[in-house]
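A quick write-up on the structure given underneath.
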Amino acid sequence: EELLIGQITASETIELVEVDNVPQPINNYVKDWHAPIGIELVYYAPNIGYEVMLENGFCIFFDNDGHHLNHGGMHDDGGNHHNSGYYCMTGDTLDIDALPLDIVNYINDNYPGEGIQTVILKPSGKLFVELDSGLILFFHPDGEFLQECEFPHGQGDGMHQHDHMDFGDNSWHCGGGGMGGHQGGAGGQHGGMGGNGGGGNNNQGNEEGPCWGGTGISINDLPQLIQDYVETNYPDETIEFAMQTFNSNYFLRLSDCIRIVFDEDGNLIFDSGN
(Lines of atoms letter the chains of each structure in order from A and count residues from 1; the text may use other names and numbers.)
(Lines give C-alpha, C1' and ligand atoms only; values in the text may rest on other atoms or scores of the structure.)
Protein backbone atom coordinates (compact mmCIF):
# COMPACT_ATOMS: atom_id res chain seq x y z
CA GLU A 1 0.00 0.00 0.00
CA GLU A 2 2.86 2.39 0.75
CA LEU A 3 4.27 1.64 -2.71
CA LEU A 4 0.98 2.56 -4.34
CA ILE A 5 0.76 5.74 -2.27
CA GLY A 6 4.23 6.64 -3.47
CA GLN A 7 3.13 6.15 -7.06
CA ILE A 8 0.14 8.43 -6.52
CA THR A 9 2.24 11.22 -5.03
CA ALA A 10 4.95 10.83 -7.70
CA SER A 11 2.58 10.77 -10.66
CA GLU A 12 3.35 13.39 -13.30
CA THR A 13 -0.27 13.38 -14.47
CA ILE A 14 -2.77 14.65 -11.91
CA GLU A 15 -6.41 15.59 -12.36
CA LEU A 16 -8.72 17.42 -10.00
CA VAL A 17 -11.97 15.53 -9.59
CA GLU A 18 -15.35 16.78 -8.42
CA VAL A 19 -16.48 15.17 -5.19
CA ASP A 20 -19.58 13.69 -6.83
CA ASN A 21 -17.42 11.93 -9.41
CA VAL A 22 -15.15 9.96 -7.09
CA PRO A 23 -15.86 6.26 -6.49
CA GLN A 24 -18.63 5.86 -3.93
CA PRO A 25 -16.40 3.87 -1.50
CA ILE A 26 -14.34 7.05 -1.00
CA ASN A 27 -17.37 9.12 -0.02
CA ASN A 28 -18.56 6.28 2.23
CA TYR A 29 -15.18 6.03 3.96
CA VAL A 30 -14.96 9.77 4.65
CA LYS A 31 -18.53 9.82 5.97
CA ASP A 32 -17.95 6.78 8.21
CA TRP A 33 -14.56 7.77 9.61
CA HIS A 34 -14.22 11.53 9.38
CA ALA A 35 -17.67 13.16 9.58
CA PRO A 36 -18.45 16.01 10.09
CA ILE A 37 -15.20 16.84 8.28
CA GLY A 38 -15.88 16.70 4.55
CA ILE A 39 -13.85 16.40 1.37
CA GLU A 40 -12.20 19.61 0.18
CA LEU A 41 -10.13 18.49 -2.81
CA VAL A 42 -9.62 15.25 -4.72
CA TYR A 43 -6.53 14.58 -6.80
CA TYR A 44 -6.58 11.63 -9.20
CA ALA A 45 -3.52 9.92 -10.65
CA PRO A 46 -5.07 8.12 -13.67
CA ASN A 47 -5.14 4.34 -13.34
CA ILE A 48 -3.24 4.55 -10.04
CA GLY A 49 -5.38 6.09 -7.31
CA TYR A 50 -6.67 9.09 -5.41
CA GLU A 51 -5.36 11.55 -2.87
CA VAL A 52 -8.25 13.08 -0.93
CA MET A 53 -7.70 16.24 1.08
CA LEU A 54 -10.21 16.84 3.86
CA GLU A 55 -11.35 20.19 5.24
CA ASN A 56 -8.92 19.88 8.15
CA GLY A 57 -5.92 19.25 5.89
CA PHE A 58 -5.74 15.48 6.36
CA CYS A 59 -4.75 13.63 3.19
CA ILE A 60 -6.19 10.17 2.62
CA PHE A 61 -5.16 7.80 -0.14
CA PHE A 62 -7.26 5.31 -2.11
CA ASP A 63 -6.59 2.91 -4.95
CA ASN A 64 -8.14 3.22 -8.39
CA ASP A 65 -11.35 1.51 -7.22
CA GLY A 66 -11.71 3.72 -4.15
CA HIS A 67 -10.39 1.29 -1.53
CA HIS A 68 -8.61 2.99 1.36
CA LEU A 69 -4.84 2.64 1.54
CA ASN A 70 -3.32 2.27 4.99
CA HIS A 71 -0.61 4.92 5.30
CA GLY A 72 2.10 4.45 7.91
CA GLY A 73 0.00 1.94 9.85
CA MET A 74 -2.60 4.58 10.76
CA HIS A 75 -6.08 3.73 9.58
CA ASP A 76 -7.38 7.01 10.97
CA ASP A 77 -5.00 8.98 8.71
CA GLY A 78 -4.20 11.33 11.57
CA GLY A 79 -0.63 12.10 10.48
CA ASN A 80 -1.27 12.68 6.81
CA HIS A 81 -1.17 16.47 6.91
CA HIS A 82 -0.53 18.26 3.65
CA ASN A 83 2.07 20.60 5.13
CA SER A 84 3.04 22.27 8.37
CA GLY A 85 0.97 25.11 9.76
CA TYR A 86 -2.74 25.65 10.20
CA TYR A 87 -4.17 22.53 8.63
CA CYS A 88 -7.75 23.52 9.37
CA MET A 89 -7.28 27.12 8.31
CA THR A 90 -6.87 26.88 4.54
CA GLY A 91 -9.64 28.92 3.00
CA ASP A 92 -10.94 32.46 2.64
CA THR A 93 -10.48 34.87 5.54
CA LEU A 94 -13.65 36.58 6.74
CA ASP A 95 -14.02 39.65 8.87
CA ILE A 96 -14.85 38.62 12.43
CA ASP A 97 -17.98 40.77 12.29
CA ALA A 98 -19.33 38.43 9.59
CA LEU A 99 -19.59 35.53 12.04
CA PRO A 100 -23.17 34.41 12.76
CA LEU A 101 -24.30 35.56 16.20
CA ASP A 102 -24.90 31.94 17.27
CA ILE A 103 -21.19 31.23 16.81
CA VAL A 104 -20.13 34.30 18.77
CA ASN A 105 -22.51 33.37 21.60
CA TYR A 106 -21.29 29.76 21.61
CA ILE A 107 -17.68 30.88 21.96
CA ASN A 108 -18.51 33.37 24.72
CA ASP A 109 -20.48 30.73 26.64
CA ASN A 110 -18.09 27.79 26.23
CA TYR A 111 -14.68 29.45 25.94
CA PRO A 112 -14.89 32.42 28.35
CA GLY A 113 -12.01 34.81 28.15
CA GLU A 114 -11.05 33.71 24.64
CA GLY A 115 -10.94 36.20 21.80
CA ILE A 116 -11.37 35.41 18.11
CA GLN A 117 -8.21 35.71 16.03
CA THR A 118 -9.17 34.44 12.56
CA VAL A 119 -12.28 33.25 10.73
CA ILE A 120 -12.00 31.02 7.66
CA LEU A 121 -14.80 30.29 5.21
CA LYS A 122 -14.51 26.99 3.36
CA PRO A 123 -15.87 26.38 -0.16
CA SER A 124 -18.51 24.19 1.51
CA GLY A 125 -19.75 27.16 3.53
CA LYS A 126 -18.44 25.73 6.81
CA LEU A 127 -16.49 27.98 9.15
CA PHE A 128 -13.27 27.47 11.10
CA VAL A 129 -12.56 29.90 13.93
CA GLU A 130 -9.15 30.29 15.57
CA LEU A 131 -9.16 31.58 19.16
CA ASP A 132 -6.47 33.55 21.00
CA SER A 133 -5.14 30.35 22.52
CA GLY A 134 -4.63 28.77 19.10
CA LEU A 135 -7.57 26.41 19.51
CA ILE A 136 -9.56 26.03 16.28
CA LEU A 137 -13.31 25.44 16.30
CA PHE A 138 -15.36 24.03 13.42
CA PHE A 139 -18.92 25.22 12.74
CA HIS A 140 -21.74 24.47 10.34
CA PRO A 141 -22.80 27.47 8.20
CA ASP A 142 -25.94 27.88 10.34
CA GLY A 143 -23.78 28.34 13.45
CA GLU A 144 -24.02 24.80 14.87
CA PHE A 145 -20.82 23.76 16.65
CA LEU A 146 -19.33 20.63 15.11
CA GLN A 147 -16.01 19.96 16.84
CA GLU A 148 -12.59 21.21 17.81
CA CYS A 149 -9.93 20.82 15.15
CA GLU A 150 -7.22 18.66 16.65
CA PHE A 151 -4.05 16.97 15.40
CA PRO A 152 -3.54 13.94 17.65
CA HIS A 153 -0.73 12.47 15.59
CA GLY A 154 1.31 15.59 14.99
CA GLN A 155 3.06 16.22 11.69
CA GLY A 156 4.70 12.87 11.21
CA ASP A 157 3.85 10.43 8.48
CA GLY A 158 2.43 11.33 5.13
CA MET A 159 4.59 14.38 4.45
CA HIS A 160 5.18 14.05 0.69
CA GLN A 161 6.20 17.57 -0.30
CA HIS A 162 6.18 18.32 -4.03
CA ASP A 163 4.32 20.38 -6.54
CA HIS A 164 3.03 18.66 -9.67
CA MET A 165 1.35 21.64 -11.27
CA ASP A 166 -0.52 24.86 -10.67
CA PHE A 167 -4.28 24.42 -10.73
CA GLY A 168 -5.04 28.15 -10.86
CA ASP A 169 -4.95 31.07 -8.49
CA ASN A 170 -7.11 32.08 -5.55
CA SER A 171 -8.75 35.09 -7.19
CA TRP A 172 -11.93 34.56 -5.22
CA HIS A 173 -10.14 36.31 -2.35
CA CYS A 174 -10.42 40.07 -1.91
CA GLY A 175 -7.49 42.08 -3.13
CA GLY A 176 -5.96 45.34 -1.97
CA GLY A 177 -7.09 46.33 1.50
CA GLY A 178 -9.82 43.73 1.69
CA MET A 179 -9.76 40.38 3.39
CA GLY A 180 -7.33 38.03 1.72
CA GLY A 181 -6.74 34.33 1.67
CA HIS A 182 -5.30 32.52 4.66
CA GLN A 183 -2.84 29.94 3.32
CA GLY A 184 -5.04 30.11 0.24
CA GLY A 185 -2.68 28.18 -2.00
CA ALA A 186 -2.11 25.10 0.13
CA GLY A 187 -3.49 22.16 -1.77
CA GLY A 188 -2.61 18.67 -0.68
CA GLN A 189 0.53 16.62 -1.40
CA HIS A 190 0.13 17.58 -5.03
CA GLY A 191 1.04 21.14 -4.30
CA GLY A 192 -0.62 24.46 -4.70
CA MET A 193 -3.62 25.84 -6.42
CA GLY A 194 -2.04 29.24 -6.60
CA GLY A 195 -0.70 31.36 -3.81
CA ASN A 196 -0.88 34.97 -4.82
CA GLY A 197 -2.98 35.85 -1.78
CA GLY A 198 -5.45 38.07 -3.56
CA GLY A 199 -7.55 38.48 -6.65
CA GLY A 200 -8.61 41.14 -9.02
CA ASN A 201 -12.03 42.53 -9.73
CA ASN A 202 -14.43 41.17 -12.32
CA ASN A 203 -12.84 37.70 -12.29
CA GLN A 204 -9.59 39.11 -13.64
CA GLY A 205 -7.52 36.35 -15.17
CA ASN A 206 -9.76 33.63 -13.83
CA GLU A 207 -13.26 34.24 -15.12
CA GLU A 208 -13.68 30.72 -16.39
CA GLY A 209 -10.90 28.54 -15.12
CA PRO A 210 -9.34 26.70 -12.18
CA CYS A 211 -9.03 28.41 -8.83
CA TRP A 212 -8.54 27.24 -5.28
CA GLY A 213 -11.53 25.10 -4.32
CA GLY A 214 -13.27 24.95 -7.68
CA THR A 215 -13.65 26.51 -11.11
CA GLY A 216 -14.32 30.15 -11.90
CA ILE A 217 -17.45 30.55 -14.00
CA SER A 218 -19.12 33.36 -15.91
CA ILE A 219 -21.65 35.32 -13.89
CA ASN A 220 -24.16 34.62 -16.65
CA ASP A 221 -23.86 30.91 -15.93
CA LEU A 222 -25.12 31.27 -12.37
CA PRO A 223 -28.58 29.81 -11.69
CA GLN A 224 -31.27 32.47 -12.02
CA LEU A 225 -32.24 31.89 -8.38
CA ILE A 226 -28.79 33.06 -7.30
CA GLN A 227 -28.80 36.09 -9.56
CA ASP A 228 -32.23 37.06 -8.24
CA TYR A 229 -31.02 36.72 -4.62
CA VAL A 230 -28.13 39.10 -5.22
CA GLU A 231 -30.29 41.62 -7.07
CA THR A 232 -32.87 41.58 -4.27
CA ASN A 233 -30.54 41.67 -1.27
CA TYR A 234 -27.60 43.63 -2.69
CA PRO A 235 -29.00 46.00 -5.34
CA ASP A 236 -26.01 48.33 -5.02
CA GLU A 237 -23.36 45.59 -5.24
CA THR A 238 -21.91 43.73 -8.21
CA ILE A 239 -20.70 40.15 -8.44
CA GLU A 240 -16.95 40.30 -8.88
CA PHE A 241 -16.18 36.61 -8.78
CA ALA A 242 -18.23 33.42 -9.12
CA MET A 243 -16.92 29.91 -8.58
CA GLN A 244 -18.49 26.47 -8.68
CA THR A 245 -16.75 24.45 -5.99
CA PHE A 246 -15.69 20.83 -6.27
CA ASN A 247 -18.71 19.82 -4.16
CA SER A 248 -21.02 21.62 -6.63
CA ASN A 249 -21.72 24.65 -4.43
CA TYR A 250 -21.56 28.18 -5.80
CA PHE A 251 -19.22 30.66 -4.12
CA LEU A 252 -19.66 34.38 -4.83
CA ARG A 253 -17.58 37.44 -3.95
CA LEU A 254 -19.37 40.78 -4.22
CA SER A 255 -17.91 44.25 -4.70
CA ASP A 256 -17.95 45.00 -0.96
CA CYS A 257 -16.09 41.73 -0.29
CA ILE A 258 -19.29 40.01 0.84
CA ARG A 259 -19.03 36.24 0.38
CA ILE A 260 -22.11 34.12 -0.32
CA VAL A 261 -22.34 30.34 -0.71
CA PHE A 262 -25.24 28.51 -2.36
CA ASP A 263 -25.88 24.82 -2.94
CA GLU A 264 -26.05 23.41 -6.47
CA ASP A 265 -29.79 24.20 -6.67
CA GLY A 266 -29.28 27.83 -5.70
CA ASN A 267 -30.40 27.52 -2.07
CA LEU A 268 -28.56 29.81 0.36
CA ILE A 269 -25.95 28.20 2.63
CA PHE A 270 -24.04 31.20 3.97
CA ASP A 271 -24.11 34.97 3.49
CA SER A 272 -21.43 37.03 5.23
CA GLY A 273 -23.50 40.18 4.75
CA ASN A 274 -26.65 38.98 6.54
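Residues in the sequence shown are numbered from 1182 upward in steps of one, following this note's numbering. From the three backbone atoms N, C-alpha and C, an ideal C-beta is built for every residue, glycine too.
Contact check, residue i vs residue j, beta carbons under 9 Å
{"i": "residue 1442", "j": "residue 1305", "result": "yes"}
{"i": "residue 1309", "j": "residue 1221", "result": "no"}
{"i": "residue 1430", "j": "residue 1199", "result": "no"}
{"i": "residue 1144", "j": "residue 1224", "result": "Within the shown structure, residues of the chain are numbered from 1182 to 1455, placing residue 1144 beyond reach of any answer."}
{"i": "residue 1216", "j": "residue 1192", "result": "no"}
{"i": "residue 1448", "j": "residue 1406", "result": "yes"}
{"i": "residue 1424", "j": "residue 1454", "result": "no"}
{"i": "residue 1296", "j": "residue 1312", "result": "yes"}
{"i": "residue 1241", "j": "residue 1274", "result": "no"}
{"i": "residue 1450", "j": "residue 1436", "result": "no"}
{"i": "residue 1408", "j": "residue 1400", "result": "yes"}
{"i": "residue 1239", "j": "residue 1218", "result": "yes"}
{"i": "residue 1415", "j": "residue 1439", "result": "yes"}
Heavy atom of the ligand FAD within 8 Å of residue i beta-carbon
{"i": "residue 1441", "result": "Among the ligands in the structure shown, none appear at all, so the ligand FAD cannot be discussed."}
Residues sharing a beta bridge with residue i, DSSP
{"i": "residue 1249", "result": "1243"}
{"i": "residue 1223", "result": "1233"}
{"i": "residue 1449", "result": "1443"}
{"i": "residue 1408", "result": "Per DSSP, none; premise fails for residue 1408."}
{"i": "residue 1218", "result": "According to DSSP, residue 1218 bridges with nothing at all."}
{"i": "residue 1196", "result": "1225"}
Cβ neighbour criterion (16 or more within 10 Å) applied to residue i
{"i": "residue 1446", "result": "exposed"}
{"i": "residue 1315", "result": "exposed"}
{"i": "residue 1281", "result": "buried"}
{"i": "residue 1417", "result": "exposed"}
{"i": "residue 1328", "result": "exposed"}
{"i": "residue 1452", "result": "buried"}
{"i": "residue 1271", "result": "buried"}
{"i": "residue 1307", "result": "buried"}
{"i": "residue 1184", "result": "exposed"}
{"i": "residue 1212", "result": "exposed"}
{"i": "residue 1190", "result": "buried"}
{"i": "residue 1194", "result": "exposed"}
{"i": "residue 1426", "result": "buried"}
{"i": "residue 1288", "result": "buried"}
{"i": "residue 1124", "result": "Beyond the ends of the chain as shown, which are 1182 and 1455, falls residue 1124; an answer cannot be given."}
Short CB-CB distance (under 9 Å) between residue i and chain D
{"i": "residue 1428", "result": "In the displayed structure, chain D is absent; only one protein chain is listed."}
At least 3 beta-carbon pairs within less than 8 Å: the region 1212-1230 vs the region 1244-1252: yes
Ranges of the alpha helix (DSSP H) found wholly within the region 1289-1334, counting only runs of at least 4: none
Cβ contact (3+ pairs, closer than 8 Å) linking the region 1270-1289 and the region 1323-1330: yes
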